[in-house]
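Asks: Per the working numbering, the very first residue in the sequence shown carries number 185; after that it's consecutive. Cβ coordinates follow ideal geometry from the N, Cα and C atoms, glycine included. Can you read through this structure? Questions will come right after.
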Amino acid sequence: MRVDVLGVGFDNLTLDEAVERGRELLRAGGTHYVVTPNPEIVEVCRENPAAREAVNGAALVLPDGIGVIKGAAMLGTPLRERVPGIEFAARLLESMAGEGLSLYLLGAKPGVAETAAERLKERYPGLRIAGVHNGYFQEDGPIVEEIRQSGADAVFVCLGAPKQELWMAKNGPATGAKLLCGLGGSLDVFAGTVKRAPKFWRDHGLEWFYRLCSDPRRLGRMMKLPLFLVHVRQSGRRK
Ligand code: UDP
185 MRVDVLGVGF
195 DNLTLDEAVE
205 RGRELLRAGG
215 THYVVTPNPE
225 IVEVCRENPA
235 AREAVNGAAL
245 VLPDGIGVIK
255 GAAMLGTPLR
265 ERVPGIEFAA
275 RLLESMAGEG
285 LSLYLLGAKP
295 GVAETAAERL
305 KERYPGLRIA
315 GVHNGYFQED
325 GPIVEEIRQS
335 GADAVFVCLG
345 APKQELWMAK
355 NGPATGAKLL
365 CGLGGSLDVF
375 AGTVKRAPKF
385 WRDHGLEWFY
395 RLCSDPRRLG
405 RMMKLPLFLV
415 HVRQSGRRK
């Protein structure tokens with residue numbers, strides 16, 4: 185059962201349960217993908233049916249961000265826990281490293297995925313890196329083929345939203361990977377080019393504010409957050 189927030193269905197799982205589901209999907213056969221929408225992506229989905237279909241078509245839809253948690257509570261259908269994509273990814277990598285599985289990193293500016301790969305290999309001994317490619321390419325075909333040839337078990341697709349969700353929905357099965365995860369700016373964090381908010385800010389639901397202060401160019405995008413809450417309120421009244 186998914187919890188509907190403005191047309192996006194979220195899986196009501198804790199971080200531990202989400203990681204367990206991710207591990208199951210890696211073993212399940214076939215290709216699956218995971219998305220981690222924040223309020224900004226929910227707003228994009230309201231206006232873009234193709235994006236909404238790609239997001240809802242994921243095997244796991246995880247609430248990344250305090251805004252989604254607040255929205256679900258305002259609608260009277262609370263979600264149990266915020267599941268930040270980056271924390272889900274880190275925990276999944278621990279498990280993959282233990283099993284000697286391989287990972288392909290797709291996205292971010294040239295050079296970032298390479299640095300992220302080096303850091304991840306140090307942090308998760310046993311993890312195999314099947315390959316990397318930056319996120320600024322013209323054609324999907326050669327990238328899909330490269331991933332297929334690499335035999336990667338999982339792919340982190342970090343192209344920003346909704347590009348990464350559309351990419352996974354369209355190309356996932358052809359990559360031959362078992363699990364693809366759409367993780368926004370995570371490669372920048374893994375590479376160390378962007379810092380996450382300190383724990384205090386994260387624990388108090390203020391990561392968005394920290395990110396805004398460190399990169400004021402995000403202001404335009406973040407105006408979607410109050411808009412999201414207005415839409416949630418309107419949708420709640422209609423119920
Ligand atoms: N990006 C990319 N290809 C594109 C557009 C964006 O690889 O065509 C990357 C960008 O370099 C960044 C990530 O996608 O690493 C998106 O980061 P953002 O902070 O926007 O994502 P968020 O985590 O906020 O969803």
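#1: Jot down the residue ranges of each uninterrupted beta strand (DSSP E) in the stretch 244-304, minimum 3 residues, whole runs only, in chain order.
#2: Once you ignore the five residues that flank Phe272 on each side, which residues in its own chain have a CB closer than 8 Å to its CB?
#3: Quick one: is the Cβ of Val239 within less than 8 Å of any heavy atom of the ligand UDP?
#4: Would you list the residues whose beta-carbon is nearer than 6 Å to any heavy atom of the ligand UDP, in the order they occur in the chain?
#5: Looking at the secondary structure, which residues open and close the alpha helix (DSSP H) in which Leu409 lies?
#6: Work out the CA separation of Ala301 and Gly241 for me, nearest whole Å.
#7: Going straight from the alpha carbon of Arg405 to that of Ile250, what length do you get?
#8: Report the residue from Phe412, Leu197 and Val239 whose alpha carbon sits nearest the alpha carbon of His216.
#9: Taking DSSP as the reference, what is the three-state secondary structure of Val187?
#10: Do you know how far the Cα of Leu311 is from the Cα of Met280?
#11: Got a sec? Which residues, its chain only, sit under 7 Å from Tyr394 by beta carbon, not counting five neighbours each side?
Replies: Straight from the coordinates:
#1: 286-291
#2: Leu199, Ala202, Val203, Gly206, Val218, Thr220, Leu246 and Cys365
#3: no
#4: Gly291, Ala292, Lys293, Gly319, Tyr320, Cys342, Leu343, Gly344, Ala345, Lys347, Gly368, Gly369, Leu371 and Asp372
#5: Lys408 to Arg422
#6: 28 Å
#7: 16 Å
#8: Val239
#9: strand
#10: 6 Å
#11: Ala381 and Trp385
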